[in-house]
Amino acid sequence: MSHARLMRMAALAGVLTAAVTAGMSGSAQAAEVQVAVAANFAGPLARIALAYTAATGHTVKVSVGATGKFYAQIVAGAPFEVLLAADDETPARLAQEGLAVAGSNFTYAIGKLALWSAQPGVVDAQGAVLTTGPFSHLAIANPKIAPYGQAAVEVLKARGLMTALAPKIVTAESIAQAYQFVVTGNAELGFVALSQLLVPGKPAGGSYWLVPPALYGEIRQDAVLLKAGAANPAASALLAWLKTEPAKALIQVYGYGHASPAK
Amino acid sequence: MIDLQLRLPRAAYTLDVALRLPERGVTALFGPSGCGKTSILRAVAGLERAAGRVALGDTVWQDDSLQVFTPTHRRPLAYVIQEAALFPHLSVQGNLDYGLLRTPAAQRRIALDQAVALLGIAPLLARRSTTLSGGEAQRVAIARALVTSPRLLLMDEPLAALDAARKAEILPYLEGLNAALAIPIVYVSHAIAEVARLADHLVLLDQGRAVAQGPLAEVLARIDLPQSLGDDAGVVLDGVVGERDGSWHLARLDVDGPGCGLWARDQGQPLGQRVRLRVLARDVSLTHAQQTGTSIGNQLAGTVEALADDDHPALLLVRVRVGPHAAVPLVARLTRRSAQALRLAPGMAVWVQVKTVALMA
Amino acid sequence: MTADEWTAVRLTAALAASATALLLLLGTPLAWALARSRSVWKPLGSALVALPLVLPPTVLGFYLLLLMGPQGPVGQFTQALGLGRLPFTFGGLVVASVLYSLPFVVQPLQQAFEAIPERLLEAAATLRAGPWDCFFSVALPLARPGLVTATVLGFAHTVGEFGVVLMIGGNIPGVTRVLSVALYDHVEASEFAAAHRLAAAMVVFALVVLVTLYAVNRPARDRALGSAAPR
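Residue numbers (the numbering used here), protein chains in the order written: chain U, 91 to 353; chain S, 1000 to 1360; chain Y, 17 to 247.
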C-alpha cells in the first residue's frame, strides 16, 4: 500500500474516533431523564416536563403505564431512572429491595376519589344517589390491583352499602377502564379519579360527587429515584422540581391534592 | 332433433352456432383447440350461460325468447370430462350411487348392473376412487353418468388424458355404449381417429362457427372445406366382412357389395360382421390403367369426381367414386405434378390403389 | 382449586362451546359464500372478515362497548327487543367472542372451500344435485380438514382471549369472570400460586379438548383431497 494512501486512512480513522467519543461523552450541560409514570398522572407530567426542560435544558423521556407492570419491568432491569407511581407501596418496596435509592421516595400527589355519572343531574353533592337512584351497574377499579378501587370499596363499606350494591358492581381493570364503562353509558355510575374529570380544556361533563377524604384511606402517589438514575443529576433535579410551588399548583389544577407538610 | 342455437362472446371470437343434431347415435364436435367445442357442450349442460336456445326434442332446456332456463341439476343429461372428476371422499360404489340415488325411481331406465357390465368395472366397486388408474377412473366416471338414465350423454374429450394403450382399452366400451343404449351422445374431440371410430354425425368447428355438419362419411368425403384435416384427411367407410383368407391372414371388407371390396389384415372379425374402415388420403394413389406387378394390394375402378387445393402448394386433393353404383367416395392426396402428368379431370376413369397395409378397421 | 376457580372453569367451557358452535353455524355459510363469489365486492367482504385480526383486543372491546351501550345502535336494538343490554352479561361475551374469533373460523373454511376443484361441483350438478345438496354431499365432506382447523382455532382463540372479554364482561364472578380474566387478575395482583393453578387448569382443559378433536379426525386425513397418506 502506498505511503500516501496509508496516511489518508490513518487520518480518516482519527476523525471517526474523535467524532464517536465526542458523541458518547455528551455535554455536561444537557442531560436526559427516563421517567416511568402511572397512567393517571401522564397528563400533568407532560405539562410539568415542558416547564422543567425550559428551565434546566434537560430533556424528559416519558413511559406511561400501570404501576404494577413497571415494578415487574424494573425488577427485570428496565432502564427507568424515575418512577411516579399510582400508590405508595411500590416505591417503598423498590427502595427496600435495593432497586431504588433509599429515602428518595416522597408523596408527589394525593389522589381524590369521585363518584361520577356521564349524565348531568344524576349524581348529587352528597352521593345519595347510591342509596336512592335507580341504576343497574356501578363501575369500580379492581380493588386488588388499583388503589382507587380499594378506596371505592372503603367508601361503600363506610356507608354500609357494600352488601346491598355488590350485585351491581362491575370491576374494571383500572380507573381508565372504569371511566370507559361510565362514559359509554354501560355503567350508570362509577368511582373514578377526580383528575380524570378535570382535564384542563376537556371537562368531562355529567355530574359528580367529590367523596370526602375521611371515608377512605389516603391514596398517596409516591415518586422515587431508581438505581439507574442515581448518578444522573437530571433525575434528582426532576424529583426536586416536583416539590416546587409552580409544579404543586399545576398538580392541584389537575385535581390532585398535596400531602400535609409533616408526613 | 337436438336443437342448439348458441351465441357466446369469447376472448378471441364469438361463438355463434345453429346446429340440428340427430337424437340417435354419436355426434362428434371436431375442431382445433379453442374453437368453442367445449363451450358448446357446457352451454348445453347449463354450466355456462350462452344466449339462445337448447332443446332436446320437445323438451326445452333454454329459450331466451320464452325466458326459460333450466338449471343444470334439473336437466336429465350426463356429462363426462377429461379428468374423470370422481368424488375423492367416496368409493367407486359411492360414486355410482351418488347419481343413482338422485334419479327418481320412475325415471330409471339403466340399471346399475347394466352400467357396470357395459364398462367392465365390477372388480373395482369396493376400491377408493383415488386409487384408480386413469383408464379405470374414466370408465367409472362414464358408468356414474349413465346410472342417472340420462336422455343425452355429453362427453368432452374423455380420452384426451389417457395414453394410447388406455385409449385402445376404452374405445371398445364406448362403441358398445352407442350400440347398447338408445341415448344420443355428443362427443367432443380433437383426435380424428376417435371421431372416425365412434361418430355417426360430424360437426366441424372453427373459431366459433360450424363450417360443416352432416353424416360422418359425407363430411369426411368433402374436399372443399377451408379447414384442412391435415394428415388425418381421409374417408370413413362402412363395410361388411365378405371373405377371410386364412393362409394370408387377410380379410376382404366389402364397401358396396362383393365386387367392391378392400383387402385388409384380418383382425378376427367373423364373416358378415359390420366394420368401419378408414382410408387416409395419403394412402390412396391413382393410375390410368390397372397395374400388374405392383405390391399394392387393392385396385378398384373408379371415376374422378372433383379436385381441390390442399394445404401445401405442392399438393391437391382428389375425390373419386368407386363401386358398381359409383357411390363409394375415396379421397386421394397427390402432388400437382402427378395430377398434371395424369391429366386428371372430373369425369375421367381411373384406377384407385390402396395399400392393404394402410387399412385399419 | 377453589369454588370460584371451578366456576371460572365452567364459565370458560360454556363460553368456548357456545361461541365455537355459533361460529361454525354462522361462519360456514359465510365462508362458502365468500369462496364461491366472483363479485367485485369479494375482496371487501374478505377484508371485513379479517378486520378483527388487525385491531388490538382492548380497542376492539372498547368499540364494542360503545356499540352495545345505551347510545349505540346494537344497544338500542337489544333494548327495543326487550333484551336489555349486552355488556356485563354472558350473552354479551358470546357475541363479542363470535366477532373477534370470526376470522379464525372463516378463513380456514374459505380456503378449504376454495381448494375444491370446480369440476367436482359441476359434476355433482350434472348428477342431479341441487345447490344445497351439492354443498352438503360434496363441498362439506371435502372441506373437512378445514372444518377441523376452523373449530380448533375458534375454540382456542376464544379460550385464550381476554382483552375483549375484560372490556365487555366487567369481570363479574359467576357471570363473566372466565379463566383468562381470573388468571390475568392473579398475575396483576402478584398472587402467583393462584395464577399457576389457573394457568395449569387452562392448559389442561385446552389440551383435553384439542387432543380429542385431533384424534377423532385422524381418519379424515386419509380421505383428504389428493392425500397420499399411507393406509
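For each residue, glycine too, the CB sits at the ideal point set by N, CA and C.
Specify the secondary structure class of residue 1113(S) as computed by DSSP and reduced to three states.
Within the second sequence, numbered from 1, the residue matching residue 1113(S) stands at position 114. Helix.
I'd like the list of long-range same chain contacts for residue 295(U), defined as Cβ closer than 6 Å, with 5 residues on each side in sequence excluded.
Mapped onto the first sequence, residue 295(U) falls at position 205. Cβ neighbours of residue 295(U) beyond the five flanking positions: none.
Quick one: any contact between the region 279 to 294 of chain U and the region 123 to 138 of chain U, if contact means 3 or more CB pairs under 8 Å?
They touch, by the three-pair rule.
Could you pull out every residue in the same chain whose Cβ sits closer than 7 Å to the Cβ of residue 275(U), ignoring the five residues on either side in sequence?
For the purposes of this step, residue 275(U) is taken as residue 185 along the first sequence, with counting starting at 1. These residues qualify, in order along the chain: 208.
Quick one: measure Cβ to Cβ for residue 284(U) and residue 173(U), integer angstroms, because I've assumed they're closer than 8 Å.
Here the question's residue 284(U) lines up with position 194 in the first sequence. Here the question's residue 173(U) lines up with position 83 in the first sequence. That belief does not hold up - the Cβ atoms of residue 284(U) and residue 173(U) are roughly 22 Å apart, past 8 Å.
List the DSSP bridge partners of residue 253(U).
The residue you call residue 253(U) lines up with position 163 of the first sequence. According to DSSP, residue 253(U) bridges with nothing at all.
With residue 202(Y) as the anchor, note down where its alpha helix (DSSP H) starts and where it stops.
For the purposes of this step, residue 202(Y) is taken as the residue at position 186 of the third sequence. It spans 195 to 204 - the alpha helix (DSSP H) in which residue 202(Y) sits, taken as one unbroken run.
Give the C-beta separation of residue 220(U) and residue 255(U) to the nearest angstrom, bearing in mind that I take them to be a contact with Cβ-Cβ under 8 Å.
On the first sequence, position 130 is the one that residue 220(U) refers to. On the first sequence, position 165 is the one that residue 255(U) refers to. Yes, residue 220(U) and residue 255(U) are in contact; Cβ-Cβ is about 7 Å, under 8 Å.
Which residue from 1204(S), 1129(S), 1125(S), 1058(S) puts its Cα closest to that of residue 1015(S)?
Position 16 of the second sequence, counted from the first residue, corresponds to residue 1015(S). Comparing Cα-Cα distances from residue 1015(S) to each of 1204(S), 1129(S), 1125(S), 1058(S), the minimum goes to 1204(S).
Closest to residue 251(U) by CA distance: which of 237(U), 263(U), 194(U), 228(U) is it?
Numbered from 1 along the first sequence, position 161 holds the residue referred to as residue 251(U). Out of 237(U), 263(U), 194(U), 228(U), 228(U) has the C-alpha closest to the C-alpha of residue 251(U).
For residue 281(U) and residue 345(U), what's the separation of their Cα atoms in angstroms?
By one-based count along the first sequence, residue 281(U) stands at place 191. By one-based count along the first sequence, residue 345(U) stands at place 255. For residue 281(U) and residue 345(U), the distance between alpha carbons rounds to 15 Å.
Should residue 1172(S) and residue 1138(S) be called a contact, given that it needs their Cβ atoms to be closer than 8 Å?
In the second sequence, residue 1172(S) corresponds to position 173, counting from 1. In the second sequence, residue 1138(S) corresponds to position 139, counting from 1. Closer than 8 Å, so yes.
Are three or more beta carbon pairs between the region 1349 to 1358 of chain S and the region 116 to 132 of chain Y nearer than 8 Å?
Flag = no, the region 1349 to 1358 of chain S and the region 116 to 132 of chain Y do not touch.
Is the CB of residue 52(Y) under 8 Å away from at least one CB in chain S?
Here residue 52(Y) corresponds to residue number 36 of the third sequence, with the count starting at 1. By this cut-off, residue 52(Y) is not an interface position.
Verify the CB distance criterion: does residue 86(Y) have a CB-CB separation below 8 Å to chain U?
The residue given as residue 86(Y) occupies position 70 in the third sequence. It does; some Cβ of chain U falls within 8 Å.
Taking 8 Å as the cut-off, does the region 141 to 151 of chain U touch the region 318 to 327 of chain U (at least 3 CB pairs, one atom from each stretch)?
Segments in contact, yes.
Report the residue from 125(U), 242(U), 181(U) whose alpha carbon sits nearest the alpha carbon of residue 148(U).
In the first sequence, counting from the first residue as 1, residue 148(U) sits at position 58. Nearest of 125(U), 242(U), 181(U) to residue 148(U), Cα basis: 125(U).
Report the residues of the region 151 to 185 of chain U with a CB closer than 7 Å to any CB of chain Y, ordered along the chain.
So the close ones are 158.
If you follow the alpha helix (DSSP H) that residue 113(Y) is part of, which residue opens it and which one closes it?
Here residue 113(Y) is taken as the residue at index 97 of the third sequence, counted from 1. 106 to 130 is the span of the alpha helix (DSSP H), which, as asked, contains residue 113(Y).
Which two residues bound the contiguous beta strand (DSSP E) that contains residue 1154(S)?
Counted from its first residue, the second sequence places residue 1154(S) at position 155. Segment 1151 to 1155, the beta strand (DSSP E) holding residue 1154(S).
Between residue 117(U) and residue 337(U), what straight-line distance do the alpha-carbon atoms span, to the nearest angstrom?
The count along the first sequence starts at 1 and reaches residue 117(U) at position 27. The count along the first sequence starts at 1 and reaches residue 337(U) at position 247. In this predicted model, residue 117(U) has a pLDDT of only 46, less than 50, meaning its place in the structure is not dependable enough to derive any value.
Just grab the DSSP bridge partners of residue 1074(S) for me.
Counting from one through the second sequence, the residue named residue 1074(S) turns up at place 75. According to DSSP, residue 1074(S) bridges with nothing at all.
Within the same chain, show all residues whose beta-carbon is closer than 8 Å to that of residue 175(U), passing over the 5 residues directly before and after it, in chain order.
As a position in the first sequence, residue 175(U) is number 85, starting the count at 1. Around residue 175(U): 128, 157, 160, 181, 311, 312, 313, 314.
Under a CB-based cut-off of 8 Å, is residue 205(Y) close to chain U?
Counting from one through the third sequence, the residue named residue 205(Y) turns up at place 189. So yes, residue 205(Y) belongs to the interface.
Just how far apart, CA to CA, sit residue 81(Y) and residue 1088(S)?
Taking the third sequence and counting its residues from 1, one reaches residue 81(Y) at position 65. Taking the second sequence and counting its residues from 1, one reaches residue 1088(S) at position 89. Spanning the two alpha carbons is a distance of roughly 45 Å.
Is the shortest distance between the beta-carbon of residue 143(Y) and the beta-carbons of chain S less than 8 Å?
The residue you call residue 143(Y) lines up with position 127 of the third sequence. At least one chain S Cβ lies under 8 Å of residue 143(Y).
Would you mind telling me which residues of chain S sit closer than 7 Å to residue 154(Y), beta carbon to beta carbon, in chain order?
Within the third sequence, numbered from 1, the residue matching residue 154(Y) stands at position 138. Those are 1086, listed as they occur along chain S.
Which partner residues does residue 259(U) have in the DSSP bridge list?
By 1-based counting over the first sequence, the position of residue 259(U) is 169. Its beta-bridge partners are 228(U).
Residues of chain U with CB under 9 Å from residue 201(Y), in chain order?
Taking the third sequence and counting its residues from 1, one reaches residue 201(Y) at position 185. What residue 201(Y) touches in chain U: 232, 234, 235, 261, 263.
Between which two residues does the beta strand (DSSP E) containing residue 349(U) stretch?
Locating residue 349(U) in the first sequence gives position 259, counting from the first residue. Per DSSP, residue 349(U) belongs to no beta strand (DSSP E) and is neither H nor E.
Would you report the Cα separation of residue 333(U) and residue 200(Y), rounded to the nearest angstrom?
Taking the first residue of the first sequence as 1, we reach residue 333(U) at position 243. Taking the first residue of the third sequence as 1, we reach residue 200(Y) at position 184. The alpha-carbon atoms of residue 333(U) and residue 200(Y) are separated by roughly 36 Å.
Between which two residues does the alpha helix (DSSP H) holding residue 179(U) run?
In the first sequence, counting from the first residue as 1, residue 179(U) sits at position 89. Looking at the DSSP string, the run of the alpha helix (DSSP H) that includes residue 179(U) is 179 to 186.
Is it true that the region 1094 to 1102 of chain S meets the region 1145 to 1160 of chain S, where meeting means three or more beta-carbon pairs spaced less than 8 Å apart?
With the cut-off at 8 Å, the region 1094 to 1102 of chain S and the region 1145 to 1160 of chain S touch.
Among 331(U), 217(U), 169(U), which has the Cα closest to the Cα of residue 151(U)?
One-based indexing of the first sequence puts residue 151(U) at position 61. Closest by alpha carbon: 169(U).
At which residues does the beta strand (DSSP E) containing residue 1297(S) begin and terminate?
Looking up residue 1297(S) in the second sequence gives position 298. 1297 to 1308 is the span of the beta strand (DSSP E), which, as asked, contains residue 1297(S).
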